[in-house]
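Undergrad: Here it is: the structure, laid out below.
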Amino acid sequence: DAGITQSPRHKVTETGTPVTLRCHQTENHRYMYWYRQDPGHGLRLIHYSYGVKDTDKGEVSDGYSVSRSKTEDFLLTLESATSSQTSVYFCALRTGRDTGELFFGEGSRLTVL
Amino acid sequence: EDKVVQSPLSLVVHEGDTVTLNCSYEVTNFRSLLWYKQEKKAPTFLFMLTSSGIEKKSGRLSSILDKKELFSILNITATQTGDSAIYLCAVNSGGSNYKLTFGKGTLLTVNP
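Chains as they are written, first to last, in our numbering: chain A, -17 to 95; chain B, -1 to 110.
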């Protein structure tokens, strides 16, 4: 299995505060992704990265920013958290060049009060 | 905008039943379709399909793609309680960078 760690795994914060979620990989995969999962919406792509300093927006990028200053870390930042950003956030790696498989981290549950 | 629609959204069956889950898609540049299973935590990969009519099989699970009609089905035979999960369909819509668009998932509950 690909080594992927998300932190924090759980966080409760207040509206208006900044929040950063970290995704760390121990291998050297080029593609990394941030998804959010909400009841009734499935998994929706927030941002993704296709290399160091190379990122692009997904379908629900408003209110989020990302950074990838080194291969192993992909950070997701909520500059000013809102209650609508309460969700489970999954980081994923593209591990299968031939299969196209994404391998997901364990998820980070964020609650914004 | 790329679209992936799964049906039904939820399904309750008894152990031993056979189920068929559906996934239809509208994307601008189709490359592949993937199925995932999600139990309590992270989604786990089941299959990737790229060619029409070729069945992928793993134990009691099988899947097939129809690129002309733009859909895929996931079959589970002789269901067990351990098959209870959310099943997610995703499509790679190509372009120079690789990303997956997911459907909302089908929640399957298998009762003993």
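Just so it is clear, CB atoms sit at the ideal spot from N, CA and C, and this is done for glycine as well.
With 7 angstroms as the threshold, decide whether the Cβ of A/F86 is near any Cβ in chain B.
TA: yes
Undergrad: By Cβ distance below 7 angstroms, which residues in the same chain neighbour A/L60 in space, the five residues on each side in sequence not counted?
TA: Around A/L60: P0, V1, G45, Y46, Q67.
Undergrad: The beta strand (DSSP E) with A/S49 in it runs from where to where?
TA: 47 to 52
Undergrad: Measuring straight from C-alpha to C-alpha, what distance separates A/R26 and B/P110?
TA: 33 angstroms
Undergrad: State yes or no: is the C-beta of B/M46 within less than 7 angstroms of the C-beta of B/S30?
TA: yes
Undergrad: Tell me the residue span of the beta strand (DSSP E) that contains B/S70.
TA: Run containing B/S70: 69 to 74, per the beta strand (DSSP E) assignment.
Undergrad: Which one or two residues does DSSP pair with B/T107 in a beta bridge?
TA: B/V10
Undergrad: Using the beta-carbon of each residue, which ones in chain A are nearer than 8 angstroms to B/Y96?
TA: Result: Y13, Y32, R76, G82.
Undergrad: Around the Cβ of B/K102, are there at least 16 other Cβ atoms within 10 angstroms (buried) or fewer (exposed)?
TA: buried
Undergrad: Helix, strand or coil for B/T18 per DSSP?
TA: Three-state result, B/T18: strand.
Undergrad: Decide if B/N90 is buried, meaning its Cβ has at least 16 other Cβ atoms within 10 Å, or exposed.
TA: Classification for B/N90: buried.
Undergrad: Of the choices B/I52, B/Q78, B/V25, whose alpha-carbon is the least far from that of B/T144?
TA: Outside the shown range of chain B, which is -1 to 110, sits residue 144 of chain B, and nothing can be said about it.
Undergrad: If you measure from the beta carbon of B/A40 to each beta carbon in chain A, is any gap under 7 angstroms?
TA: Yes, B/A40 counts as interfacial toward chain A.
Undergrad: So the candidates are A/I(-14), A/T(-13), A/K(-7), A/Q(-12); which of them puts its Cα closest to the Cα of A/S65?
TA: Nearest to A/S65 by alpha-carbon distance, out of A/I(-14), A/T(-13), A/K(-7), A/Q(-12), is A/K(-7).
Undergrad: What would DSSP say about B/Q4, mapped onto helix, strand or coil?
TA: For B/Q4, the three-state secondary structure derived from DSSP is strand.
Undergrad: Going along the segment 5 to 26 of chain B in order, which residues come within less than 7 angstroms of chain A, judged by CB to CB distance?
TA: none
Undergrad: Since A/L92 and A/Y71 should fall inside the 8 angstroms C-beta cutoff, what is the C-beta to C-beta distance between them, to a whole number of angstroms?
TA: 6 angstroms
Undergrad: Identify which residue in A/P(-10), A/R4, A/S(-11) has its Cα closest to the Cα of A/S51.
TA: Ranking A/P(-10), A/R4, A/S(-11) by CA distance to the CA of A/S51 puts A/R4 first.
Undergrad: Is the distance from the Cβ of B/A83 to the Cβ of B/R58 below 7 angstroms?
TA: no
Undergrad: State buried or exposed for B/L63, treating a residue as buried only when at least 16 other CB atoms are found within 10 Å of its CB.
TA: buried
Undergrad: Using a Cβ cut-off of 8 angstroms, pull out every chain A residue sitting near B/N90, in sequence order please.
TA: G82
Undergrad: Determine the DSSP secondary structure at B/D64, reduced to helix, strand or coil.
TA: strand
Undergrad: What does the alpha-carbon distance come out to for the pair A/S62 and A/T(-3)?
TA: 7 angstroms
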